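Below: one structure, written as structure tokens.
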Amino acid sequence: MKNRITLFTVCLIVWLLLVWPFGRSPAGVPDVVAGVLVAAVTAAIMREISMERADRWLNPVRWFWAAVYLVVLTYYIIRANLDVAYRVLHPAMPIRPGIVRVRTRLKGAGARTLLANSITLTPGTLSVEVTPDGDLFIHWINVTATGIERATERIVGRFEWFISRIAE
Amino acid sequence: MIHAIPMMVVLPLAGAFFIPMVSRRAAWVPDAVGNAVMVVLAVISFGLIGREGIYHVGGWPTPLGIDLRLDGLTAILLLAVNGIGLCAALFSVSYMELYTSKFRYYSLFLFMVAGMNGVIITGDLFNLYVFMEIAAIASYALVAFGCEHEELEASFKYAVLGGVASSLILIGIAVVYMITGSLNMAQIADRIQTIGLTPPILLALCLFVAGFGLKAALVPFHAWLPDAHPSAPAPVSAMLSGVLIKAIGVYVMARLFFNVFGPTSDLLAVMRLLGVLSMVIGVLLAVGQWDMKRLFAYHSISQIGYVMLGLGLGTPLGLAGGLFHLLNHSVFKSLLFLNAGSVEYSTGRRNLKQLGGMARILPLTGGTTLVASMSIGGVPPFNGFWSKLIIIFACIRAGFYGLAGWAVLVSVITLASFLKVLRYGFYEAPAEKLRVERSMAPLMAVALLLLAISCLAMSLFVVTGLESPVLVDRAVEALSAGVFGM
Amino acid sequence: MAAEGGMSLVVKTVTRWLKGLIFLFGMYIMIYGHLTPGGGFAGGVICASAFILITLAYGAPEAYRHLPRGAAEKLDSFGALTFLIIALLGLWFAGVFFRNFIGTSPESHFRLTSAGVIVPCNLAIGLKVLSSLFLVFVMLSALHIIVSGEGRRRIERRRHTP
Amino acid sequence: MIYALCLVLVGIGLYGVLAKKNVVKIVIGLMIMEYGIHLLLILIGYRRNGAFPIMQPGQDPGAYASVAVDPLPQALVLTSIVISLGVLALLVALCLRLYEKYGTFDISEMRRLRG
């Protein structure tokens, strides 16, 4: 039931954002009523938006760290972009592709997904598989560290701390 | 009564969607709903004869909304589709026990009827395409209904060729829309009158000839029919051969060429050529067949050739003959397929070499087969004789003596081929002892009798004069009135 | 949840986050079909894609937990019947088949309520499209092909001849 | 002429339908044909520098009609896409069933029916 209420709330907010700047006339009563109905139907059918507890998202500290993380992630993405561009344009193509195994301390499904997607978003690294006991297989364009610990430090370390603040 | 026009589509659609909703628990529902809908449709289409009018769907005036158009031609085709549909539905009650999941069958059957009715009543070119596809998709699925090797293969062939035909027709519609800026048939006719038959319009015409020729299985385009029609369950074969190729092939061709594009002499010559080719080649291919349903299917090609020949003459007498033959053929060909179905129902066979003496085992089927065979062979008291006679007269009067000769010749070969069916299947003693698995169900007998009686009764329509049999003279008027006015 | 069948954890989690929002967006496209691009068909396809995503990520049983197969079959017919009934109501109330029998006033233009029966029609179409697309996808993807008889022999023969 | 390109697409599809032996390729050919037609239909309604055919509040209907592209072909294409989707689903199901029966996708090996 709690899952459904969370989903309903999220849906209603998204719906209002969808209809609000509508045309030149503000959204009226019928639009809101339709939103409540649609959100209720969605919540009834789709059951949940996440399996984790919902009230933790009421904590503003998490939102603060999320905003910070957005900046950090953008920085790493730009840096990695330049790095990959350098490797592609360099006449000798200094790449050393390979798949490495890294380990994460993150427990929740949401946190691990966030980490895997962050790694994928950063050019040069790509999450290939997540194992149930917290190991990630990463395809790396230039493998500079082969051991699990060193690779973890290189790839996961820079994101893990923020993600644990946001989603754990 | 004008509100009955949209009902011709709404009722079968409603039935088709209603059946799968309720029939999980009650097995009698599909039979009851399917047959009730067909009875109502047959009654309505009977009541629509002799009425005319244009129905504006949604109350929108002509260029904006979709028009439904009822005139003499529409009325007789509706009668044919729904009358034959009723007989086929009655026949299916027992016959479809041989297959599983009857509710799917009735649902698809009603879709097919809805599509055909829609094609017949609509006055909008794209709407026609949509309804044609509804009928066609339902028929692809019905051909494959048995899910055996032959059925699947035939259905695949039919569906691919049908898809190509639909694509050609859609290109034609697109070209027509590009040139005239309208999809309403009356408006298109109006525009074409002013701009004349320019090359793009001629291209569209060629595409329509090829597309609807494929759908009607005229001879250069006939390859799918002898596979598809025999593979379907018998009532569906009756519908496919009896009315589907006419409703979405011949009818649309006649409607477009006579009422929308206007019949030019070239167009009529093409129709005559296709007609004669189908007539002759169809019957020649039919003679050598031993599978009963396959033989009937080849005869369908040949008889459609007669219809096209009559229409292609362009004279009122030729139109009367063609349309009358269209009606007659839908009656006797459905009867033949249902007879083949009842033979298959009781013995499980349909190859003439393995059959024999059926007239003694199934006396009713023997009698009705005799009636239908004499009808299709053109023996005097039956309806097929009169319509062939009118077509031959019309050929002679229009000065096409050669065509008349071909028509007579084909008629003789047809009769010979059906004498073969009667001899090997029904009168000569069987080669080996036949095992009769089931006796005929009463509703099947009713369907056969209804069709056999109409075979005789329809020849009464010519008592008002050979020139214009009562039922079709309004339709002839509708076609020979020339293009639609606004 | 993570271990049993389907795709990897990432796909599953993202599916769980997005399925409701995709469905919601489909409903939005359906309901505002008369004012913005879209309509019953487009909205129905988007809604169906939510279920198809669940099928891909978790497998058909989980998708059936959201929309049981029997319910989808019923909804399929129900959507089409609703559409027909709306059309017939036009005949009943306004005397013409498919007539827009819910009156609209000029000041309500560009609002949700400005289109009369079009919104319910779009919803009915959307329902129909949603359930039939979902069914088509699940039926074709979950079909177990059992080759037997002649086909079996043919495959064997091909395997043995180089 | 850009219309001719659509017809080329249709021709490619038709070639696929007529010349290929694999049933799946035949189905793909049929679909390519339909896409060519959809493109043709859309191009018929296209108008250079046209506006999208949705009215905005406060717009004059007459002025709007003179700039908007023709919305009718778009509706036709949508309908046509639905129809081709139905045909596609049916054909794919038929292909699977054919494979189940014959153990091959090659049409020349399916010879139960003679012409």
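Protein chains in written order, with my numbering: chain A, 7 to 174; chain B, 39 to 524; chain C, 1330 to 1491; chain D, 3 to 117.
For every residue, glycine included, the Cβ atom is placed at its ideal position computed from N, Cα and C.
Given the structure is predicted, the values throughout are model-derived calculations rather than measurements.
What separation, rounded to the nearest whole angstrom, lies between the Cα atoms of residue i and residue j?
{"i": "Y1393 of chain C", "j": "D1405 of chain C", "result": "15 angstroms"}
{"i": "L323 of chain B", "j": "G1408 of chain C", "result": "47 angstroms"}
{"i": "G348 of chain B", "j": "L374 of chain B", "result": "23 angstroms"}
{"i": "P100 of chain A", "j": "M1336 of chain C", "result": "34 angstroms"}
{"i": "R30 of chain A", "j": "L22 of chain A", "result": "Bear in mind that a pLDDT of 48 at R30 of chain A, under 50, signals an unreliable position, so the number given afterwards is only what the model happens to contain. Each residue's Cα considered, the two are about 15 angstroms apart."}
{"i": "N377 of chain B", "j": "F129 of chain B", "result": "10 angstroms"}
{"i": "L18 of chain A", "j": "G41 of chain A", "result": "6 angstroms"}
{"i": "E54 of chain A", "j": "R1345 of chain C", "result": "7 angstroms"}
{"i": "A157 of chain A", "j": "L88 of chain A", "result": "21 angstroms"}
{"i": "R1428 of chain C", "j": "G360 of chain B", "result": "38 angstroms"}
{"i": "D141 of chain A", "j": "A1379 of chain C", "result": "29 angstroms"}
{"i": "L1464 of chain C", "j": "I122 of chain B", "result": "33 angstroms"}
{"i": "G105 of chain D", "j": "M309 of chain B", "result": "43 angstroms"}
{"i": "L488 of chain B", "j": "F84 of chain B", "result": "15 angstroms"}
{"i": "P258 of chain B", "j": "L42 of chain D", "result": "27 angstroms"}
When burial is assigned at 16 or more other CB atoms within 10 Å of the CB, is residue i buried or exposed?
{"i": "A65 of chain D", "result": "exposed"}
{"i": "T138 of chain B", "result": "exposed"}
{"i": "W167 of chain A", "result": "exposed"}
{"i": "T150 of chain A", "result": "exposed"}
{"i": "Q61 of chain D", "result": "exposed"}
{"i": "F70 of chain A", "result": "exposed"}
{"i": "P237 of chain B", "result": "exposed"}
{"i": "F1292 of chain C", "result": "What is shown of chain C runs 1330 to 1491, which leaves residue 1292 of chain C out entirely."}
{"i": "Q341 of chain B", "result": "buried"}
{"i": "W1421 of chain C", "result": "exposed"}
{"i": "K371 of chain B", "result": "buried"}
{"i": "H1489 of chain C", "result": "exposed"}
{"i": "A73 of chain A", "result": "exposed"}
{"i": "H1473 of chain C", "result": "exposed"}
{"i": "W444 of chain B", "result": "buried"}
{"i": "Q58 of chain D", "result": "exposed"}
Just to confirm my understanding: we take residue i, look at its own chain, exclude 5 residues before and 5 after, and list those with CB closer than 8 angstroms. What are they?
{"i": "M33 of chain D", "result": "G15, S86 and L90"}
{"i": "N389 of chain B", "result": "W328, D329 and M330"}
{"i": "I46 of chain D", "result": "D72 and P75"}
Spatial neighbours of residue i within its chain, please: CB distance less than 6 angstroms, with the 5 preceding and 5 following residues excluded, ordered by chain position.
{"i": "L364 of chain B", "result": "K284 and V345"}
{"i": "L1347 of chain C", "result": "none"}
{"i": "I1447 of chain C", "result": "H1363"}
{"i": "M170 of chain B", "result": "V157 and I286"}
{"i": "N9 of chain A", "result": "E54"}
{"i": "I153 of chain B", "result": "A quick correction: the sequence has Gly, not Ile, at residue 153 of chain B. These residues qualify, in order along the chain: F169, I172 and A173."}
{"i": "N165 of chain B", "result": "I104"}
Can you tell me where the alpha helix (DSSP H) with residue i in it begins and where it stops?
{"i": "Y5 of chain D", "result": "I4 to A21"}
{"i": "T158 of chain A", "result": "I154 to I161"}
{"i": "Y1357 of chain C", "result": "L1338 to I1360"}
{"i": "H367 of chain B", "result": "P354 to T385"}
{"i": "L349 of chain B", "result": "M330 to L351"}
{"i": "H260 of chain B", "result": "Where H260 of chain B is concerned, there is no enclosing alpha helix (DSSP H), given that its DSSP letter is neither H nor E."}
{"i": "V69 of chain D", "result": "P63 to V69"}
{"i": "V314 of chain B", "result": "S303 to V325"}
{"i": "Y75 of chain A", "result": "P66 to L95"}
Could you pull the start and end residues of the beta strand (DSSP E) that residue i belongs to?
{"i": "H145 of chain A", "result": "D141 to W146"}
{"i": "L92 of chain D", "result": "Run containing L92 of chain D: none in the beta strand (DSSP E); it sits in the alpha helix (DSSP H), P73 to Y104."}
{"i": "D105 of chain B", "result": "D105 to L108"}
{"i": "G91 of chain B", "result": "G91 to H94"}
{"i": "R293 of chain B", "result": "Run containing R293 of chain B: none; DSSP gives neither H nor E here."}
{"i": "I105 of chain A", "result": "G104 to R109"}
{"i": "V136 of chain A", "result": "T131 to V136"}
Using a Cβ-Cβ cut-off of 7 angstroms (strictly less than) and excluding sequence neighbours within five positions of residue i, which residues of its own chain qualify?
{"i": "L263 of chain B", "result": "A255, A335, S338 and I339"}
{"i": "F456 of chain B", "result": "S411, I414 and G415"}
{"i": "A1494 of chain C", "result": "Because chain C is modelled from 1330 through 1491, residue 1494 of chain C falls outside the range shown and cannot be assessed."}
May I ask you to list, following chain order, the residues of the stretch 38 to 64 of chain A that have a beta carbon less than 8 angstroms from some beta carbon of chain E? Structure shown: chain E not included; protein chains present are A, B, C and D.
Complete alpha helix (DSSP H) runs within the stretch 464 to 513 of chain B (minimum length 4 residues, chain order): Within the stretch 464 to 513 of chain B, the complete alpha helix (DSSP H) runs of at least 4 residues are 480 to 495.
Where in the stretch 398 to 440 of chain B do unbroken runs of the alpha helix (DSSP H), each at least 4 residues long, occur, reported from the N-terminal end onward? Runs of the alpha helix (DSSP H) lying entirely within the stretch 398 to 440 of chain B, each at least 4 residues long, are 401 to 415 and 421 to 435 in chain order.
At which residue ranges does the stretch 193 to 257 of chain B contain complete alpha helix (DSSP H) runs of 4 or more residues, listed in the order of the chain? The stretch 193 to 257 of chain B contains these whole alpha helix (DSSP H) runs: 223 to 233 and 237 to 254.
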